[in-house]
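Quick note: the sequence shown uses the numbering used here, first residue -7, plus one each step. So the structure is just underneath, and the comments pick up after that.
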Amino acid sequence: MPAGALITEGAPYVRCSRAQLLDLARRLRHRRRPGPRPAVPHPGLRAHPPAAAVDRDEGRHRVPFPGRLARRGARAGPRGGRWPGRAPGRRAVGGARVPRRGFGRSHACGAGPGPEATRLSAVRKKQGARVLRILGRGLVVLVALFLVPGVEFLISSRGFASYRYAPPPARQLPAVAPPAHAPGKPTVAVVVGNAGSNVADTLVPYDVLASTGRFNVYTVAPERRPVPLLGGLDLVPDLDFAQLSTRLGGRAPDVTVVPEMPSDEDSDRRVIGWLRSTASRGLVLSVCTGARLAADAGLLDGREATTHWYRLSGLQDAHPAVHWRRGVRYIDDGNVITTGGLLSSVDGTLRVIERLAGTDTAAAAARTVGWRHYSPGAPARMPESRLSPSNAIVHLLNLGFRSNNSTLGVVLTGGVGELELASIFSPYAEVKAARTVAIASTATVRSRHGLTFVPRRRLADVGDDVDRLMVPGTTAAASPDPAIAAAARRAGVPLEYPHRRPGFAFDPVLSSMARTFDRPTARWTRKILEYPAADLGTSGSSWPWTPTLRLVLFGLVGVVALAIVRITARLIMTGSLRSRSADRPADGTPSGGRDSLGEDKEMP
């Protein structure tokens, strides 16, 4: 094309002058997108190729070439390139950068995309919008699927957390005399906080020590009033701190047992202060996460110690001065003995008996309570426990979709063993599988070694709000009370005596859990309790199907609710459009007395 030719709108490719390129670069710097340009004379314009040579797929042009090139990269004419007539690249005359050409972009010097490029760009935008719609709908369905189960899980978990150490109801109790004191025996103080204590950490060492008959064993607290043990069992402490000091003439107890206690600022302050000032002068037995209080009191600094495997990492971060160890049932470090979780307290307590009363007495105590894993002089071997994915799933299913729907009534009878009580209240509460409620026919109940418990419900008031009645104790199983059987028949619930045969009290309870709940929950309970071995039997479900089905049901409720909302919204929208169409006059003028321009119409 001769000099002075015009740049026409829609040309696939043109060659620009230096001035035009500089003008384009200036526009790009100011972030101004060049629009269509008018026809301008171009002194150095080269002739366009024929229309048949336009590459319709790429929106570029190409000079027709008969046959194949002699070699790749052959140059054709002054515009070098791989193909004849192809653009020279992004850098033009003078080094100015020319933006890449593509679909939907403005070409240099006003050349725009061809009609095919515009159509493909619209198709791609439509496909992108469709993908976004599909993703959005999928996200909405997922939210609906998990929203209702999430709300149910939140309600259930919060409710169970408030139940674990719920304060006992206010009531007038008869006076309870403290146990007698034998001056010639070593004194053991089992500490409970005003806000409560773990039921297994408190009652298991108490029972093992009291079964020897060689110790004065007391439960002590900052105040002598009913305190909750884990699972809803209320205990009246034998003495408060001041009464214990008076009874011992200001001396420290020979042994202080520190169980797990719920975090409570006032109770922790008083217990930690007493441990630091008084208990530190004797032998301290820290049970499970009672190590938190012992460490807060400074009793473990610079020592080797252990605790429950589930809480050990948190205590490592909170108390770096303590040399924490995993995979041991207890550590004897002079005047401080720390144990692992829950039933590891049996081994730690037997170690205390070894030191104060001899190995024979410790072995006799192990036989009395049915503990088959006693290792004289050294802790028994124990593998390091970790939380597995299956443990976490079972725990969450029980917490969110079973604990709020299962209640076990535990009937307290006179002379029941402390370890037998712990064997029922502890497992279900530790793994959050069910709620337990203490029931009795009297206002208070005395245990085998003299502890006083207060039930939260009378036997005559038992109804169908409990799923099962369990009566702990070998004595109760040997001579069943007809009143208990009558209460079970009246409520229409099954009655169970788990301790019909002698042995370790936790064995039949774990077997019952596997049979009535499922085996994974029973195995998870055994792991939490740090029980070395238990015969769980082969009966029972292989998976917690009941909470799983509840989870699925709540998810379906959310999806159905979403479907109802969408259908209702469509019906409302369709009805609104139909009503608008019905109100519109036949001549097309909008209703309401106004024409299409918004002017008031004249009414006849």
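Idealized CB from N, CA, C, for every residue including glycine.
- Using a C-beta cut-off of 8 angstroms, the region 198 to 218 makes contact with the region 432 to 446, since at least three inter-stretch Cβ pairs fall below that distance.
- The three-state secondary structure of Met565, taken from DSSP, is helix.
- Relative to Arg262, the option among Ala357, Ala181, Phe233 and Ala244 whose CA is nearest is Phe233.
- If you look at Ser433, you'll find it isn't in any alpha helix (DSSP H); DSSP assigns it neither H nor E.
- Excluding five sequence positions before and after Asn190, the CB atoms of its chain that fall closer than 6 angstroms to its own CB belong to Leu222, Pro251 and Glu252, given in chain order.
- Ser278 has Val250 and Thr330 as its beta-bridge partners, per DSSP.
- Under the three-state reduction of DSSP, Arg206 is assigned to coil, being neither helix nor strand.
- Judged by DSSP in its simplified three-state form, Trp537 adopts helix.
- As the crow flies, the alpha-carbon of Arg558 is around 57 angstroms from that of Ala287.
- In the same chain as Pro245, and ignoring 5 residues on each side of it, the C-beta atoms closer than 6 angstroms to its own belong to Thr179, Ala181 and Gly274, in chain order.
- The secondary-structure analysis by DSSP pairs Thr194 with nothing; it has no beta-bridge partner.
- A distance below 6 angstroms between beta-carbons, with the five flanking residues on each side excluded, links Ala187 to the following residues of its chain, in chain order: Pro254, Asp256 and Ser259.
- With a threshold of 16 other beta carbon atoms within 10 Å, Trp266 meets it and is buried.
- Here the C-alpha atom of Ala313 lies approximately 15 angstroms from the C-alpha atom of Val328.
- Selection Arg21, Thr508, Gly401 and Pro524 evaluated against Ile476 yields Gly401 as nearest (Cα-Cα).
- Phe445 sits in a strand when the DSSP states are folded into three classes.
- DSSP places Pro220 inside the beta strand (DSSP E), whose first and last residues are Val219 to Leu221.
- If you look at Ala167, you'll find it isn't in any alpha helix (DSSP H); DSSP assigns it neither H nor E.
- The straight-line gap separating the alpha-carbon atoms of Asp510 and Arg122 is approximately 46 angstroms.
- Residue pairing for Ile556: DSSP places it in no beta bridge.
- For the 8 angstroms CB-CB criterion, Val501 and Ile416 form a contact.
- Per DSSP, the continuous alpha helix (DSSP H) segment holding Val140 begins and ends at Pro107 to Arg156.
- Comparing alpha-carbon positions, the option among Gly340, Met505 and Arg239 lying closest to Val276 turns out to be Gly340.
- Leu548 and Pro536 have their C-alpha atoms some 19 angstroms from each other.
- DSSP, reduced to helix, strand and coil, places Val183 within a strand of the structure shown.
- By the Cβ test, the region 424 to 436 is not in contact with the region 203 to 215, since fewer than three Cβ pairs between them sit closer than 8 angstroms.
- In the same chain as Ala483, and ignoring 5 residues on each side of it, the C-beta atoms closer than 6 angstroms to its own belong to Val454, Gly455 and Asp456, in chain order.
- Per DSSP, the beta bridge partners of Thr399 are Arg427.
- Looking at Leu240, Val168 and Ser154, the one whose alpha-carbon comes closest to that of Thr444 is Val168.
- Boundaries around Arg515 are those of the alpha helix (DSSP H), Arg511 to Leu521, since no beta strand (DSSP E) includes it.
- When rounded, the separation of the alpha-carbon atoms in Gly128 and Leu379 is 35 angstroms.
- Annotated three-state conformation of Val458 is coil, per DSSP.
- Beta bridge pairing from DSSP links His315 with Glu296.
- Between the C-alpha atoms of Glu488 and Ala506 there is a straight-line separation of about 15 angstroms.
- In the DSSP assignment, Ser418 forms no beta bridge with any residue.
- Within the model, the alpha-carbon separation for Arg460 versus Lys424 is close to 17 angstroms.
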